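Heads up: the sequence shown runs through residues 1 to 202, numbered per UniProt numbering. Glycine included, C-beta positions come from ideal geometry on N, C-alpha and C. Every value quoted in this text rests on a predicted model; they were computed, and no experiment measured them.
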Amino acid sequence: MNSTTADQKNNTFQNLQNYWFYALTFEEYMAVAVQRATNNIIENDPYQEYYDLGLQRTNRTLKTLKLDAEQLERAQAKNFNGKILIISEPWCGDASATVPAVAKFFEALGNDVRVFLRDQDTSLIDHFLTNDTQSIPKVIVLDENFNVTANWGPRPQYGNDLLKKFKENPETYPREVFYNDLQVYYSRNKGKDAIEEIITLL
């Protein structure tokens, strides 16, 4: 385990506090999603074709989302008084299922939730790489003083298992089938597995 000096702790505190300041509420994040899908002011946005689909999927998640009472009870028993900072982008397929569920779950618990747009400043995601990639979403668990206590992402274990299957057998399990299976899983699971895994980190 790497040691952390007092100076490093102070820098981490200051950095995440600044990131939190520039992060969006979930409602503001949704407003950005709508704006980019309908009237994007970013010229030649490489993700333009994905915004509309991402918005549709996010809205479907919100419409069908039912928070699990047992999960809420177990999370409350953790006495978590910190904050949830999510790194995401509205075009991301993994995010469209996970981010709304996680945001609404922790808002129901009374915790502050913010969403930091990955591409507005990649220095944050660079501290939370997955296999050296800037994969999103990333859910960062903060204490009351903005210190990182845990992080999760970019997808639940079941999704990771599907990805592993695709990478190991791309000929027998092609990309199109993998993407379809992943989205079917997200549609049916509605973020419950992601929430379950995050609860264990509190």
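Is there contact here, the stretch 27-47 with the stretch 165-179, by at least three beta-carbon pairs under 8 angstroms?
no
Determine whether the beta carbon atoms of aspartate 68 and leucine 182 lie at a separation below 9 angstroms.
For this step, residue 68 is matched to residue 68 along the sequence shown. For this step, residue 182 is matched to residue 182 along the sequence shown. Not a contact, by the Cβ cut-off of 9 angstroms.
So, do the stretch 109-128 and the stretch 72-83 have three or more beta carbon pairs nearer to each other than 8 angstroms?
yes
Valine 99 and isoleucine 198: beta carbons closer than 9 angstroms?
To locate residue 99, count along the sequence shown from 1; it is residue 99. To locate residue 198, count along the sequence shown from 1; it is residue 198. Taking 9 angstroms as the Cβ cut-off, valine 99 and isoleucine 198 do not qualify as a contacting pair.
Taking the continuous beta strand (DSSP E) assigned at leucine 117, which residues delimit it?
Counted from its first residue, the sequence shown places residue 117 at position 117. Where leucine 117 is concerned, the enclosing beta strand (DSSP E) stretches over 112-117.
Bridge partner(s) assigned by DSSP for valine 148:
Against the sequence shown, residue 148 aligns to sequence position 148. In the DSSP output, where bridge partners are listed per residue, valine 148 has Leu142.
For methionine 30, which option in Gln17, Lys167, Asn40 and Asn59 has the closest C-alpha, if you only look at C-alpha atoms?
Along the sequence shown, one-based indexing puts residue 30 at 30. Ranking the options by Cα distance to methionine 30, first place goes to Asn59.
Simplified DSSP assignment, three categories, for methionine 1
Your numbering for residue 1 matches position 1 in the sequence shown. A caution first: methionine 1 carries a pLDDT of 33, below 50, which makes its placement in the model too unreliable to give a value.
Between the Cα of leucine 129 and those of Phe116, Phe105 and Pro154, spot the shortest distance and give me the residue it belongs to.
Here residue 129 corresponds to residue number 129 of the sequence shown, with the count starting at 1. Closest option to leucine 129, Cα to Cα, is Pro154.
With DSSP collapsed to three states, give me the class of threonine 130.
The residue you call residue 130 lines up with position 130 of the sequence shown. Threonine 130: strand per DSSP, three-state reduction.
Give me the residue from Trp20, Asn18, Arg57 and Phe26 with the minimum Cα distance to alanine 37.
Taking the first residue of the sequence shown as position 1, residue 37 is located at position 37. Alanine 37 has its Cα closest to that of Arg57, out of Trp20, Asn18, Arg57 and Phe26.
Quick one: give me the first and last residue of the alpha helix (DSSP H) that isoleucine 198 is part of.
For the purposes of this step, residue 198 is taken as residue 198 along the sequence shown, with counting starting at 1. Isoleucine 198 -> alpha helix (DSSP H) spans 192-199.
For tyrosine 185 and alanine 33, what's the separation of their Cα atoms in angstroms?
As a working note, residue 185 is residue 185 in the sequence shown. As a working note, residue 33 is residue 33 in the sequence shown. C-alpha separation (whole angstroms): 23 angstroms.
Between the alpha carbons of valine 170 and serine 96, how many angstroms are there, rounded?
Translated into the one-based positions of the sequence shown, residue 170 becomes position 170. Translated into the one-based positions of the sequence shown, residue 96 becomes position 96. The sequence shown places proline at residue 170, rather than the valine named in the question. Those two C-alpha atoms are separated by around 25 angstroms.
8 angstroms contact criterion, which leucine 24 and leucine 142 should meet: CB distance rounded:
As a first step, residue 24 must be located in the sequence shown, where it is residue number 24. As a first step, residue 142 must be located in the sequence shown, where it is residue number 142. So it is not a contact: roughly 16 angstroms between Cβ atoms.
Taking asparagine 160 as the reference, which of Phe146, Phe178, Lys63 and Val148 has the closest Cα?
Along the sequence shown, one-based indexing puts residue 160 at 160. Looking at the Cα atoms, Phe178 is the closest of the given residues.
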